[in-house]
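Residue numbering for the sequence shown follows this note's numbering, beginning at 80 and increasing consecutively.
Written out below as structure tokens is the structure these notes cover.
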Amino acid sequence: MTPLFPNDNEIITLMQGKTGDCYLLAALDCIFHLGDEGRNKVKPGLNETP
């Protein structure tokens, strides 16, 4: 399974499913790639489940 959070500086490809959530994925990707500050804002709100 692909991890929810990539390693630092790892290039990933976002894939949208059937739900029309591209705006959400794009916004989270931008915030996440701001660096440590962005990652620290995004990670607490999301949980990776097996």
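Every residue, glycine too, gets a C-beta built ideally from N, C-alpha and C.
If you check the beta carbons only, do residue 125 and residue 83 fall under 8 Å apart? Here the question's residue 125 lines up with position 46 in the sequence shown. Here the question's residue 83 lines up with position 4 in the sequence shown. Going by C-beta atoms, residue 125 is nearer than 8 Å to residue 83.
Chain-order list of residues whose beta-carbon lies under 8 Å from that of residue 199 (same chain, five-residue window excluded): Nothing can be reported for residue 199, as the shown portion of the chain is limited to 80 through 129.
Helix, strand or coil at residue 124 [DSSP, three-state]: In the sequence shown, the residue the question calls residue 124 occupies position 45. Secondary structure of residue 124 (DSSP, three-state): helix.
If you reduce the DSSP assignment to three classes, tell me which class residue 115 lands in. Sequence index remark: in the sequence shown, residue 115 carries index 36 (1-based). The three-state secondary structure of residue 115, taken from DSSP, is helix.
Identify, in the order they occur along the chain, each residue of the same chain with its Cβ nearer than 7 Å to the Cβ of residue 120, setting aside the five sequence neighbours on each side. Position 41 of the sequence shown, counted from the start, is the residue given in the question as residue 120. Excluding residues within five positions, the ones whose Cβ falls inside 7 Å are 110.
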